[in-house]
Amino acid sequence: VWAKVPAGPPDPILGITEAFKKDTSPQKINLGVGAYRDADGKPYVLPSVLAAEDKVISERNDKEYLPITGLGAFTQAAAVLAYGADSKPLTEGRVAITQSLSGTGALRIAGAFLARHYPHAKEIYVPSPTWGNHIPIFRDSGLEVKTYSYYDKKTVGLDFEGLKKDLQAMPDKSIVLLHACAHNPTGIDPTEAQWREISSVIKSKGHFPLIDNAYLGFASGSVDKDAFALRHFVEEGHQLILCQSFAKNMGLYGERVGTFSVVCADKEEKARVDSQIKILVRPMYSNPPVHGARVASTLLTDEKLNAQWLSEVKGMADRIIGMRSTLFDLLQELGSKKNWGHIKNQIGMFAYLGISPEQVDRLAQEHHVYLTRDGRISVAGITNHNVRHLAESLHEVTKN
Ligand code: PMP
């Protein structure tokens with residue numbers, strides 16, 4: 023039956039993990055996967071998550087289906103976390119929201135919703151580069167994916183002029199995907215002043231912002247600071263879509279906890295949008311899983327656990343920031359003549375090293391250090407035990 027089905031290419035990140043597993047060197051380091059690791063390089067279950075799980079289990083809840091749009095207590099609390107308690111659209115009851123299968127599921131609902139209902143365009147513009155999965159998600163949702171300038175190879179920084187020029191050059195009312203904070207893969211975010219300008223250009227062109235927020239709290243350690251771009255856009259009156267993930271900031275990767283929300287003009291519009299979200303979700307997966315949402319909801323609404331969670335998020339962000347400094351300092355100490363300032367300036371889980379695919383290959387083949395060929399490392403995979411080997415290897419392959 024499947025004789026004509028061609029073999030597809032392997033997933034690039036999973037390929038790295040395979041190569042890493044085969045490597046028998048005790049020095050090997052895997053910086054490919056975007057999952058947080060603790061100071062010993064181990065997967066980390068947040069103590070606040072364990073406590074919330076204990077609480078949820080002690081409640082002896084039933085296992086009935088959730089409504090199509092998920093656990094209301096969770097989605098409401100998640101919206102307050104992202105938009106802020108004083109957010110006008112929230113207090114005016116005009117945000118349509120549904121629980122989603124983490125960030126990916128939210129983006130997939132967004133793609134499907136826009137493809138079906140957005141009246142002005144069937145194209146979506148994503149930054150170049152962007153998270154690898156954005157492109158197939160939107161393509162498979164029925165949108166045509168185009169790119170706008172984002173990364174400046176020369177400065178290993180933001181190509182702000184190119185970005186603005188591209189926003190201007192797009193047809194009016196285009197759909198534009200923005201990373202709310204901790205841009206993946208580059209770790210390069212616009213400054214607050216730059217966000218204000220981006221918002222103005224988007225507004226003047228009537229573009230539609232789709233905001234992907236997979237790292238709230240993970241960039242700076244502060245939810246409010248990381249929510250700046252989203253909240254600024256909402257204050258400026260953009261009727262945007264938000265895709266939220268709790269994979270990273272709660273470490274709930276495999277529980278698949280997220281939200282998809284649409285800021286509407288008024289309550290009546292919200293009710294119509296809500297009805298269409300249900301019509302989209304029902305044939306896709308009927309309703310979302312319940313356990314992770316209960317845990318997340320507990321972390322967001324139990325005052326004590328919420329405070330503990332926020333401090334643990336800060337702890338993760340701070341460890342990453344600390345590892346950036348250590349890596350930078352070691353490269354200086356080793357006498358590297360390259361400017362590595364971007365390692366410290368970039369934020370979030372990833373750093374874009376600005377090295378060539380050939381140098382990436384040498385890191386793997388000669389030094390047992392594994393990362394994606396675009397030169398992206400997951401800073402969360404660096405520890406005090408492996409940072410010196412990483413710095414020495416990086417120095418070796420970038421000497422000439
Ligand atoms: N958006 C971005 C930019 C991401 O980096 C990720 C995770 N790598 C996601 C969305 C979605 O992740 P998940 O589906 O695990 O929430």
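Residue numbers (full-length UniProt numbering): 23 to 422. Think of the CB as a built atom: it goes at the ideal place given N, C-alpha and C, for glycine as much as any other residue.
Considering only heavy atoms of the ligand PMP and the C-beta of each residue, which residues fall inside 5 Å, strictly closer? Around the ligand PMP, the residues selected by a Cβ distance under 5 Å to any of its heavy atoms are G56, S124, G125, T126, W153, N206, D234, A236, S267, A269, following chain order.
Measuring CA to CA, which of A29, W217, D60, I51 is closest to K270? Of the candidates A29, W217, D60, I51, the one whose C-alpha sits nearest the C-alpha of K270 is D60.
Assuming I197 is part of the beta strand (DSSP E), what are its boundary residues? Unbroken beta strand (DSSP E) run through I197: 197-201.
Below 8 Å, can you find three or more Cβ-Cβ pairs linking the segment 118-127 to the segment 260-275? As far as the Cβ criterion goes, the segment 118-127 touches the segment 260-275, which means the pair count is three or higher.
From the DSSP output, which residues share a beta bridge with Q266? Looking at the DSSP assignment, Q266 forms a beta bridge with N235, T281.
With respect to the alpha helix (DSSP H) encompassing E290, which residues constitute its N-terminal and C-terminal limits? From DSSP, the alpha helix (DSSP H) with E290 extends over 289-307.
Nonlocal neighbours in the same chain, by C-beta distance under 6 Å from T97, ignoring five residues either side: Counting only Cβ-Cβ distances below 6 Å, and skipping sequence neighbours, we find I119, Q121, T281.
Here's the rule: buried if 16 or more other CB atoms are within 10 angstroms of the residue's CB, otherwise exposed. What is Q190? Label assigned to Q190: exposed.
Identify whether N361 lies in helix, strand or coil by the three-state DSSP scheme. If DSSP states are grouped into helix, strand and coil, N361 belongs with coil.
Contact between the segment 272-288 and the segment 308-324 (3+ Cβ pairs under 8 Å): In short, these stretches touch, since the Cβ pair count reaches three.
Is the beta carbon of S283 sitting closer than 8 Å to the one on A101? The beta carbons of S283 and A101 sit closer together than 8 Å.
Since Y58 and A402 are thought to touch, with beta carbons under 8 Å apart, how far apart are those beta carbons, to the nearest angstrom? Between A402 and Y58 the Cβ distance is about 4 Å, and since that is below 8 Å, they are a contact.
Residues near V419 in its chain [Cβ-Cβ closer than 6 Å; skip 5 each side]: The residues are Q381, R384, L385.
Take the Cβ of Y87 as the centre, count every other Cβ of all protein chains shown within 10 Å, and call the residue buried at 16 or more, exposed below. Exposed, because fewer than 16 other Cβ atoms sit within 10 Å of the Cβ of Y87.
If contacts are defined as beta-carbon pairs under 8 Å, then G239 and V279 qualify, I think. What distance do you get, rounded to the angstrom? At roughly 14 Å, the Cβ-Cβ gap does not stay under 8 Å, so G239 and V279 are not in contact.
Range covered by the beta strand (DSSP E) that runs through L123: Counting along the chain, the beta strand (DSSP E) containing L123 begins and ends at 117-123.
Let's see if you can read the secondary structure: which residues bound the beta strand (DSSP E) around Y374? For Y374, the enclosing beta strand (DSSP E) has its first and last residue at 372-374.
How far does the beta strand (DSSP E) with D158 in it reach, from first residue to last? Residue 158 is actually Pro in this sequence, not Asp. Unbroken run through P158 is the alpha helix (DSSP H), 156-162; no beta strand (DSSP E).
Other residues of its chain near F160: CB distance less than 6 Å, five sequence neighbours each side excluded: For F160, the CB contacts under 6 Å within the same chain, skipping 5 residues up- and downstream, are G133, I146, V167 in chain order.
What is the DSSP secondary structure of P111, reduced to helix, strand or coil? In the three-state reduction of the DSSP assignment, P111 falls in the helix class.
List the endpoints of the continuous alpha helix (DSSP H) containing P379. Start and end: 379-389.
Beta carbon of Y172, beta carbon of L180: below 8 Å? Yes, these two residues count as a Cβ contact at 8 Å.
Which one or two residues does DSSP pair with S150 in a beta bridge? Paired residue(s): S171.
With distances taken between CB atoms, is the gap from F372 to G125 smaller than 8 Å? No, the Cβ-Cβ distance between F372 and G125 is not below 8 Å.
Counted within 10 angstroms of its Cβ, other Cβ atoms place H229 as buried (16 or more) or exposed: If you draw a 10 Å sphere on the C-beta of H229, you find 16 or more other C-beta atoms in it, and that means buried.
Is it true that the CB of T394 sits closer than 8 Å to the CB of G54? Going by C-beta atoms, G54 is nearer than 8 Å to T394.
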